[in-house]
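Residue numbers (my numbering): 24 to 118.
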């Protein structure tokens with residue numbers, strides 16, 4: 024997948040498993056009813072944030088994943104459209 028290759032190449036120190044989870048999660052987010060669907064720039068921002076928090080798996084720290092979505096979702100409406108229960112469902116699809 025092209026997006027996975029981009030994330031792996033542009034995010035120093037990211038583990039392949041986490042990169043795959045991130046890409047699958049973002050692809051699932053794009054299917055949600057959002058005003059501004061995240062692009063590759065937002066995906067890279069979010070991936071860098073997760074690596075900076077030393078996450079290696081999206082299931083490890085649900086609260087940190089939820090808080091970090093500010094990097095991925097740029098509008099307040101979109102942030103509100105992904106409450107923790109929706110995020111948890113999407114993480115389940117991504118792992």
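For every residue, glycine included, the Cβ atom is placed at its ideal position computed from N, Cα and C.
No experiment lies behind these values; they were computed from the predicted model shown.
Between residue i and residue j, which are expected to be in contact by the criterion C-beta below 8 Å, what is the C-beta distance as a whole number of angstroms?
i, j, result
"residue 52", "residue 82", "Residue 52 to residue 82, Cβ: 16 Å. No contact."
"residue 93", "residue 105", "Between residue 105 and residue 93 the Cβ distance is about 11 Å, and since that is not below 8 Å, they are no contact."
"residue 85", "residue 107", "7 Å"
"residue 88", "residue 114", "7 Å"
Tell me the DSSP secondary structure of residue i in three-state form.
i, result
"residue 56", "coil"
"residue 25", "helix"
"residue 37", "coil"
"residue 65", "helix"
"residue 82", "coil"
From which residue to which residue does the alpha helix (DSSP H) around residue i run?
i, result
"residue 115", "107-117"
"residue 85", "85-91"
"residue 100", "99-104"
With a threshold of 8 Å between beta-carbons, can residue i be considered close to chain D, or not?
i, result
"residue 38", "Protein chains in the displayed structure number just one, and chain D is not present."
Please go through the same chain and pick out, in chain order, the residues whose beta-carbon is closer than 6 Å to the beta-carbon of residue i, but skip the five residues on each side of it.
i, result
"residue 71", "34"
In chain order, what residues of the same chain lie with their CB nearer than 8 Å to the CB of residue i, ignoring the 5 residues before and after it?
i, result
"residue 67", "29, 30, 33 and 34"
Starting from the C-beta of residue i, find all residues in its chain whose C-beta is less than 7 Å away, skip the five residues before and the five after it, and write them out in chain order.
i, result
"residue 63", "26 and 29"
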